[in-house]
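One structure below.
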Amino acid sequence: MQSFMISLNNITLYFGGFTLFKEVSFLINPTDKVGLVGKNGAGKTTLLKLILGEMSPSEGSISKPGSIRIGYLPQQLNCKDGKTVIDETKKAFSEILDLQEIIAKYTHEISERTDYESEEYLSVITKLNEANDRFALLGGHNMQAETEQTLLGLGFLHSDFNRQTSEFSGGWRMRIELAKILLQKPDVFLLDEPTNHLDIESIQWLETFLTNYNGAVLLISHDRAFLDNVTKRTVEISLGKTYDYRVPYSEYVVLRKEQRGIQMASYQNQQKMIDDTERFIERFRYKASKAVQVQSRIKQLDKIDRIEVDEEDKSSIHFRFPPAPRSGTIVVETENLVKKYGEKCILNNINFIAERGEKIAFVGKNGEGKTTLSRIIVGDLNHEGILKIGYNTQIGYYAQNQPDLLDENKTVFETIDYVAVGEIRTKIRDILGSFLFTGEDIDKKVKVLSGGERSRLSLAKLLLEPKNLLVLDEPTNHLDMKSKDILKQALIKYDGTLILVSHDRDFLDGLITKVYEFRDKNIKQYIGGIYDFLRKKKLNSLKELEIKNQQAQFKEKEQSSANKIQYEEKKEQERELRKISNQISKSEERINVLETELEKINELLANPDKNNIADYNELFSKYESSKKEIDEEMRNWENLHLSFEEFKKT
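Quick note: the sequence shown, position 372, residue 388 per the numbering used here, numbers continuous.
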């Protein structure tokens with residue numbers, strides 16, 4: 017029996033004139049939790065598509081059992097509309113839904129039939145029982161509860177369940193697709209950036225789900241905390257090769273660095289030995305007295321297993337923000353700020369202050385108003401209430417959709433050149449180079465850039481002139497791990513004021529010093545870092561949970577009592593049905609006896625002389641009496657059947 021689920025065997029993939037993968041091999045075992053990491057463009061998504069079968073390798077093979085069930089969540093997905101959230105999500109239970117229809121069909125057929133003893137009737141009963149057994153085996157009775165639990169975990173409200181999917185943004189519809197994949201419970205999950213559309217609470221719920229899942233998980237993520245909490249193994253793709261360690265990402269980074277150090281030391285020692293040997297050979301090659309030693313050294317060189325040093329991918333963003341002009345002490349202040357869209361209130365009576373030099377995080381579920389307040393601060397949206405922008409405050413803004421706002425017909429260079437003024441124009445190539453746009457890259461049209469490249473170009477625009485307030489809305493969504501680390505270090509050194517909307521805990525850790533949680537149209541301030549906030553939230557959640565548990569226990573007792581009553585009622589119904597069934601059987605036996613007696617009397621009456629009947633009238637009277645008794649017993653039998661059917665319905 018195979019211990020692995022998926023095996024990649026010497027996979028090589030050519031793209032045009034370059035090699036994306038070269039002889040890549042690794043196994044995915046039944047319970048592996050694997051993080052697939054690497055810089056943008058390394059081939060992570062392509063590798064998932066190879067495993068899925070959407071692409072084929074140029075060389076090598078991929079082995080997987082024919083019966084394997086794969087749940088794949090791509091980065092981009094065309095979500096279908098036309099159903100409610102709950103109905104669309106329930107599509108995950110296709111077999112259970114089919115069984116529901118079959119059970120309803122057979123149940124209706126049984127209620128319409130009266131041929132209780134026929135083979136056809138018994139066949140329908142058998143099929144119904146088989147369908148019910150399969151329905152229970154697949155967890156059909158838990159379908160509704162599992163669906164609701166998963167949707168709630170991914171951030172939906174009960175009030176969202178019966179809304180049309182078309183009412184939700186693309187990010188929320190991606191959550192519906194993720195819910196469907198999770199509910200299908202496949203043998204292996206292939207997840208491509210599953211946290212991109214989730215808030216912190218939903219990410220933590222997904223972490224718990226995947227950690228406790230008894231199948232395999234292969235996920236791509238640039239969220240270090242998510243990888244560390246979910247995965248136990250890391251596979252990095254770098255320069256066409258894979259590096260496989262059975263540790264979470266953070267431990268892998270340390271081990272990989274140590275391995276390169278050991279590898280480099282061994283390589284250098286070997287190179288010194290080779291150089292010394294080659295010099296000896298060259299020096300004494302033509303001396304007869306040293307011929308034996310020279311030949312020995314030549315053979316020694318031929319036998320050496322030469323150490324190769326893994327080429328290190330050193331390309332990453334390297335930059336720092338220009339010094340921020342000094343602003344007033346109060347950079348932004350709001351008083352009783354309100355934002356409505358028509359009748360719908362998004363933010364209500366918001367009182368917020370950002371002081372010079374503060375680094376603030378906006379967190380909370382999607383749709384709670386984080387981006388809305390950011391856009392109000394930068395002047396993109398109107399509002400009610402008071403908004404004060406402090407003295408000499410100069411704002412730089414990175415919108416969540418900033419990469420999509422770039423002019424697609426401009427080149428990379430033109431995009432920067434168009435907005436650059438003064439001396440900064442002489443540094444455009446340096447700025448672009450620090451964001452990995454070098455050589456011919458600067459002449460690429462924006463429309464051919466990847467999501468990560470567009471994000472880098474948008475961030476590069478922030479460097480064109482000094483700003484003392486940066487408002488960044490999800491700036492890391494398309495950045496790889498190294499690029500995020502360098503952006504984080506640049507923001508730590510940034511001497512202005514920072515307002516940051518993000519769900520990336522590792523990115524926020526050590527960067528921000530104050531958290532504002534957006535919830536129920538308002539905000540709540542927490543002093544400290546992101547993990548201080550999460551600890552406080554957990555304590556508050558535990559208190560809420562204690563109250564909920566008490567309520568749940570009370571409901572459970574009520575339910576238990578109700579279940580007990582229901583059980584007793586059911587047992588009483590079963591006893592009564594058995595009693596009536598026995599009475600029906602006895603009635604049928606009595607009718608058979610009476611009909612046999614009546615037939616005998618009938619035969620005697622047909623030939624009275626032959627049968628030497630002494631008193632014909634008495635025999636006829638007995639015949640009438642038996643016939644009457646049969647009629648009464650038939651009525652009794654019919655009434656018993658009616659009672660039996662009535663009890664079955666209750």
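Think of the CB as a built atom: it goes at the ideal place given N, C-alpha and C, for glycine as much as any other residue. Computed from a predicted model, the values in this text were never measured in an experiment.
Member of the options whose CA lies at the smallest distance from the CA of residue i
i, options, result
"residue 181", "97, 231, 151 and 77", "97"
"residue 176", "103, 124, 227 and 194", "103"
"residue 415", "219, 424, 484 and 396", "396"
"residue 531", "154, 541 and 537", "541"
"residue 372", "361, 383 and 343", "343"
"residue 547", "491, 538 and 522", "522"
"residue 106", "66, 68, 60 and 160", "160"
"residue 473", "514, 311, 417 and 482", "417"
"residue 553", "527, 70 and 216", "216"
"residue 409", "460, 346, 654 and 288", "346"
"residue 284", "544, 322 and 51", "322"
"residue 355", "348, 363 and 318", "363"
For residue i: DSSP bridge partner residues
i, result
"residue 535", "538"
"residue 23", "43 and 79"
"residue 28", "75"
"residue 229", "DSSP lists no partner for residue 229."
"residue 517", "378 and 489"
"residue 115", "None; residue 115 has no bridge partner."
"residue 9", "There is no way to answer for residue 9, as the model of the chain reaches only from 17 to 666."
"residue 249", "50"
"residue 423", "BP columns for residue 423 are empty, so no partner."
"residue 88", "206"
"residue 363", "355"
"residue 400", "354"
"residue 370", "348"
"residue 548", "BP columns for residue 548 are empty, so no partner."
Residue i classed as buried or exposed, judged by whether at least 16 other C-beta atoms fall within 10 angstroms
i, result
"residue 434", "exposed"
"residue 127", "exposed"
"residue 307", "exposed"
"residue 442", "exposed"
"residue 558", "A caution first: residue 558 carries a pLDDT of 48, below 50, which makes its placement in the model unreliable, though a value can still be read off. When all chains shown are included, residue 558 counts as exposed."
"residue 564", "In this prediction, residue 564 has a pLDDT of 49, which is less than 50 and means its spatial position is unreliable; nothing more can be read from the coordinates."
"residue 466", "exposed"
"residue 642", "buried"
"residue 508", "exposed"
"residue 735", "For the chain, the structure presents residues 17 to 666; residue 735 sits outside this window and is missing."
"residue 47", "exposed"
"residue 304", "exposed"
"residue 351", "exposed"
"residue 379", "buried"
"residue 651", "exposed"
"residue 421", "exposed"
"residue 236", "buried"
"residue 27", "buried"
"residue 239", "buried"
"residue 543", "exposed"
"residue 612", "exposed"
"residue 134", "exposed"
"residue 528", "buried"
"residue 139", "exposed"
Whether residue i touches residue j by CB criterion (7 angstroms)
i, j, result
"residue 617", "residue 656", "no"
"residue 313", "residue 506", "no"
"residue 370", "residue 484", "no"
"residue 74", "residue 43", "no"
"residue 489", "residue 517", "yes"
"residue 172", "residue 386", "no"
"residue 179", "residue 101", "yes"
"residue 603", "residue 653", "yes"
"residue 122", "residue 99", "no"
"residue 51", "residue 207", "no"
"residue 85", "residue 210", "no"
"residue 233", "residue 60", "no"
"residue 166", "residue 199", "yes"
"residue 424", "residue 460", "no"
"residue 229", "residue 250", "no"
Anticipated Cβ contact below 8 angstroms, residue i with residue j, distance rounded
i, j, result
"residue 486", "residue 478", "7 angstroms"
"residue 447", "residue 476", "6 angstroms"
"residue 41", "residue 24", "6 angstroms"
"residue 170", "residue 195", "6 angstroms"
"residue 492", "residue 520", "5 angstroms"
C-beta neighbour in chain C for residue i, strict 7 angstroms
i, result
"residue 614", "Although the question refers to chain C, the structure presented lacks it and comprises just one protein chain."
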